[in-house]
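The letter at position 195 of the sequence shown is residue 219 when you use my numbering, and the numbering goes up by one with no holes.
Where is the CB? At the ideal position from N, CA and C, for every residue including glycine.
One structure below.
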Amino acid sequence: MTPSPTDPPGHEAQPGPDGRAGIDTALVRRLVADEFPQWAGLPVRPVAVDGWDNRTYRLGDDLSVRLPTHDRYVAAVEKEARWLPVLAPYLPVPVPEVVASGKPGEGYPHPWSVRRWVGGATVSAATVGDDEAQQLALDLADFLGALRAAPANGGPVAGEHCFHRGGDLGVYGEEAREAFGSLEPDLGAGALDVFETALTSQWGGEPVWFHGDVATGNLLVRDGRLAAVIDFGTCGIGDPACDLVFAWTFLEGAAREVFRSAVGLDVDTWARARGWAVWKSAVDLEGREVTNLRILRDVVAEHRVLTRTGR
25 MTPSPTDPPG HEAQPGPDGR AGIDTALVRR LVADEFPQWA GLPVRPVAVD GWDNRTYRLG
85 DDLSVRLPTH DRYVAAVEKE ARWLPVLAPY LPVPVPEVVA SGKPGEGYPH PWSVRRWVGG
145 ATVSAATVGD DEAQQLALDL ADFLGALRAA PANGGPVAGE HCFHRGGDLG VYGEEAREAF
205 GSLEPDLGAG ALDVFETALT SQWGGEPVWF HGDVATGNLL VRDGRLAAVI DFGTCGIGDP
265 ACDLVFAWTF LEGAAREVFR SAVGLDVDTW ARARGWAVWK SAVDLEGREV TNLRILRDVV
325 AEHRVLTRTG R
């Protein structure tokens with residue numbers, strides 16, 4: 025759980041592990057003290073639920089520090105600082121607010137940022153029960169609709185900065201086909217068919233905003249309702265199909281159908297979403313076999329049903 029700043033003493037989740045990617049509490053303290061002495065006395069601790077592209081540390085009760093773990097994630101620092109203030113007024117739930125941008129220093133080679141702390145629990149089976157999943161599906165569909173409707177003029181066009189999310193899935197064709205070839209034959213053939221079908225259509229409208237990483241760790245909830253969306257590092261403008269993968273990574277049954285209906289996008293966009301889902305699940309099996317194989321089977325089964333019915 026990512027603790028809220030209003031959690032009473034003794035009820036916060038334990039801090040997560042320290043030191044990954046050469047970033048630890050001591051480094052963060054030095055960076056903050058050197059560049060933002062007004063915050064030098066605030067306690068620093070790693071958050072309980074941390075991402076991979078960046079390390080996040082709690083800074084006092086009201087702030088957090090976000091630091092890229094590799095140079096390939098650096099583009100997101102300036103992008104989020106530039107565009108989150110533009111998007112925030114159009115969105116129905118809070119998103120991160122960058123309050124300061126830090127420079128490389130103290131042996132750390134990348135730019136970094138200080139943000140307002142966003143409270144809430146990350147989405148999981150423990151925080152969103154079966155009875156709440158349909159409401160979460162509606163809330164998320166509402167958020168994505170508002171994001172797509174936000175003015176896109178001058179926005180960052182999908183490309184390397186967002187790892188081609190919102191762009192051409194075919195960029196990952198060789199990688200995807202190799203991964204499908206390592207699966208059990210029937211599943212691999214099915215995943216390949218899903219992927220090839222996804223490549224037969226493109227987004228036909230004007231480029232729209234997409235988040236790029238609609239995952240459980242980036243959705244915060246309170247009482248089963250969507251409370252905030254974080255980590256816009258892979259956002260951009262282009263094809264919103266990549267934002268629909270949550271339909272299979274977390275939602276099931278009636279909640280999945282509620283999400284599909286509420287999102288309001290066409291069948292070709294959903295076909296491309298299935299392509300993104302099988303690519304990511306197949307290339308990221310290590311350590312996630314049970315979950316990702318379940319996703320692959322669900323997506324392939326759905327594709328086969330829709331193919332038989334001509335939908």
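Residue i at chain D interface by Cβ criterion, 7 angstroms
i    : result
L275 : This model lacks chain D altogether, as it is built from one protein chain only.
Per-residue DSSP class, three states only, for residue i
i    : result
L160 : helix
R284 : helix
L83  : strand
W76  : coil
V181 : strand
W141 : coil
T224 : coil
P128 : coil
G153 : coil
F204 : helix
Exposed unless 16 or more other CB atoms sit within 10 angstroms - verdict on residue i
i    : result
D237 : buried
R332 : exposed
K127 : exposed
Q38  : Here Q38 scores only 49 on pLDDT, less than 50, and its place in the model should not be relied on; the value that follows carries that caveat. Result: exposed.
D263 : buried
S305 : buried
Y114 : exposed
T315 : exposed
P61  : exposed
Closest residue to residue i among the options (Cα-Cα distance)
i    : options                : result
G153 : F274, L193, P109, A165 : F274
D85  : A99, W63, V73          : W63
V324 : L207, I254, D247       : L207
H134 : V245, S125, V232       : S125
G248 : V269, V147, T49, Y114  : V147
D77  : R284, R328, D255, R312 : D255
L289 : V98, V56, A165         : A165
V269 : A252, F234, P113, W136 : F234
V291 : N316, W227, Y81        : W227
P231 : R189, E276, Y196, G197 : R189
A174 : L111, G131, A182       : L111
V119 : R284, L171, A57        : L171
G179 : E102, D74, R246, A297  : E102
For residue j and residue i, the rounded distance between their alpha carbons
i    : j    : result
V89  : L83  : 7 angstroms
A100 : H94  : 11 angstroms
W294 : G191 : 15 angstroms
G144 : R321 : 31 angstroms
G43  : P109 : 31 angstroms
H185 : Y97  : 8 angstroms
A200 : D210 : 16 angstroms
A140 : D267 : Residue identity differs from the one stated: residue 140 is Arg in this sequence, not Ala. About 25 angstroms.
V287 : A203 : 30 angstroms
G277 : L66  : 45 angstroms
A213 : G194 : 17 angstroms
- When the Cβ atoms of the segment 218-226 are set against those of the segment 283-303, are three or more pairs found closer than 8 angstroms? yes
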